[in-house]
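K.L.:
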């Protein structure tokens, strides 16, 4: 098999790329999402993201593909390796950048990173892909290759073929067959259940109306509001980074309206939009991506980003809601601790040895943390 590189996803083609997807795959793996990031300038070499899309071929046939980028920094990845970079450059005197990542830009959400044609031997494809990554690192003189947020089964396959594993933590909601939001509240003890109900009722008391809209229901004016909510969050926090521009929001809503899911908060009196969450929707899952507000109202964030998303996920029969990275406060609101995965190859043997040792110790701490958080979750029920 032959691994080929492409300076733009446009070189692969929409029909060819999307033929590797399945209905349950997240929208952010689609050609439309990845190409719009390029087209609107959100992803470009000047911002530290040089597209290097990968395709795997058996003779003339495309059998697998992966979103990949040569990175000149670690921004927008959410698997934090800044310490690795400091160790490499400060202690070992080797360059950590550029490096190769297999990931969806700015997206700390789980999804296949190796898109495999149906019917192919996944182990064979993973072996060829792992070997190809090592060859690319050598050919382009990169420090290493990093596959970010693959599902557990892909991470384990790539680990079997020579990459090393790293664990992370997020909080995910899983549908336990709930028929309605009250069924979901039934998982909590009475104290926690009543607290959530009070937080939900605050919306009506404050004169806040929530509504759920798909991309087809978003006017150009509402898309502008969503962008302003996003930008407001970026500007409010010192760690904020504006990875996306206004053009991206307008273009992606137009290109994949059925995959866009917005929880919009309005002032009940004036009808004025005051906040919202921009989510992505697949046949089986909801993915929280960005949120913001132009007015601060108590519990607005929890209602817009969590409760209304859960309620709509139940109504749609979705199995999973990933609300985004971070936030131990999610635990008390129905999101359970979940391991996330990344796999890595580092070219310098000294760096690889040190980082592998770190990830083994880190994984022990994370597993212990997950066990403790699971106990807390059970006590809330």
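In my numbering, the protein residues as written are 10 to 390. In this text, a Cβ means the ideal position worked out from N, Cα and C, and glycines have one as well. None of these values were measured; they are calculated from a predicted model.
Fully enclosed by the stretch 238 to 320, which alpha helix (DSSP H) runs are 4 residues long or longer?
P.N.:
255 to 264
K.L.:
Can you find at least 3 beta carbon pairs, one from the stretch 71 to 80 and one from the stretch 121 to 137, that sit closer than 8 Å?
P.N.:
yes
K.L.:
What does the alpha-carbon distance come out to for the pair residue 144 and residue 14?
P.N.:
Taking the Cα positions, residue 144 is about 12 Å away from residue 14.
K.L.:
If you check the beta carbons only, do residue 266 and residue 234 fall under 8 Å apart?
P.N.:
Result no, Cβ atoms of residue 266 and residue 234 do not sit closer than 8 Å.
K.L.:
Quick one: is residue 117 buried, meaning 16 or more other Cβ sit within 10 Å of its Cβ, or exposed?
P.N.:
Looking at its Cβ environment, which holds 16 or more other Cβ atoms inside 10 Å, residue 117 is buried.
K.L.:
Work out the CA separation of residue 384 and residue 115 for me, nearest whole Å.
P.N.:
Each residue's alpha carbon lies about 31 Å from the other.
K.L.:
Under 8 Å, with one C-beta from each stretch per pair, do the stretch 325 to 335 and the stretch 290 to 305 reach the 3-pair mark?
P.N.:
yes
K.L.:
Taking the C-alpha atoms as reference points, what is the distance between residue 87 and residue 263?
P.N.:
27 Å
K.L.:
Give the DSSP-derived three-state secondary structure of residue 341 in the structure shown.
P.N.:
helix
K.L.:
Taking the beta strand (DSSP E) that residue 180 falls in, what are its first and last residues?
P.N.:
173 to 183
K.L.:
With C-beta atoms as the reference, is residue 347 less than 8 Å away from residue 181?
P.N.:
yes
K.L.:
Out of curiosity, what's the CA-to-CA distance linking residue 253 and residue 17?
P.N.:
If I take the Cα positions, the gap works out to 18 Å.
K.L.:
Thinking C-alpha only, which one of 320, 240 and 314 is nearest residue 333?
P.N.:
314
K.L.:
Tell me, please, which residues DSSP counts as bridged to residue 15.
P.N.:
62
K.L.:
Are residue 275 and residue 311 close, meaning C-beta to C-beta below 8 Å?
P.N.:
no
K.L.:
Would a C-beta distance cut-off of 8 Å place residue 270 and residue 223 closer than the cut-off?
P.N.:
yes
K.L.:
What does DSSP give as the partner residues of residue 125 in its beta bridges?
P.N.:
73
K.L.:
Hey, quick one: how far does the beta strand (DSSP E) through residue 218 stretch, first residue to last?
P.N.:
Run containing residue 218: 217 to 223, per the beta strand (DSSP E) assignment.
K.L.:
If we count the other Cβ atoms within 10 Å of its Cβ and call it buried at 16 or more, is residue 339 buried or exposed?
P.N.:
With 16 or more Cβ atoms within 10 Å of its Cβ, residue 339 is classed as buried.
K.L.:
For residue 330, report the span of its beta strand (DSSP E) as first-last.
P.N.:
329 to 331
K.L.:
Confirm, please, whether the CB-CB distance from residue 64 to residue 21 is below 8 Å.
P.N.:
yes
K.L.:
From residue 113 to residue 36, what distance separates their C-alpha atoms?
P.N.:
11 Å
K.L.:
Near residue 19, which residues of its chain fall below 8 Å by C-beta distance, leaving aside the five closest residues on each side in sequence?
P.N.:
44 and 47
K.L.:
Please determine, among 40, 95 and 365, the residue with the shortest C-alpha to C-alpha distance to residue 25.
P.N.:
40
K.L.:
Let me make sure I understand the geometry here. Which of 157, 95, 185 and 284 has the alpha-carbon closest to that of residue 391?
P.N.:
Past the boundaries of the shown model lies residue 391; the chain is included only from 10 to 390, so the question cannot be answered.
K.L.:
Using only the alpha-carbon positions, how far apart do residue 272 and residue 101 sit?
P.N.:
48 Å
K.L.:
What does residue 350 pair with, by DSSP beta-bridge criteria?
P.N.:
176
K.L.:
Would you check if the distance between the CB atom of residue 319 and the CB atom of residue 173 is smaller than 8 Å?
P.N.:
no
K.L.:
Nearest-angstrom Cα distance between residue 306 and residue 215?
P.N.:
8 Å
K.L.:
So, is residue 179 buried or exposed, given that buried needs 16 or more other C-beta atoms within 10 angstroms?
P.N.:
buried
K.L.:
Roughly how many angstroms lie between the CA atoms of residue 391 and residue 300, to the nearest whole one?
P.N.:
The requested residue 391 does not occur in the structure, where the chain is confined to residues 10 to 390.
K.L.:
Can you determine whether any heavy atom of the ligand ATP sits closer than 7 Å to the C-beta of residue 334, and answer yes or no?
P.N.:
With respect to the ligand ATP, the structure offers nothing, as it holds no ligand at all.
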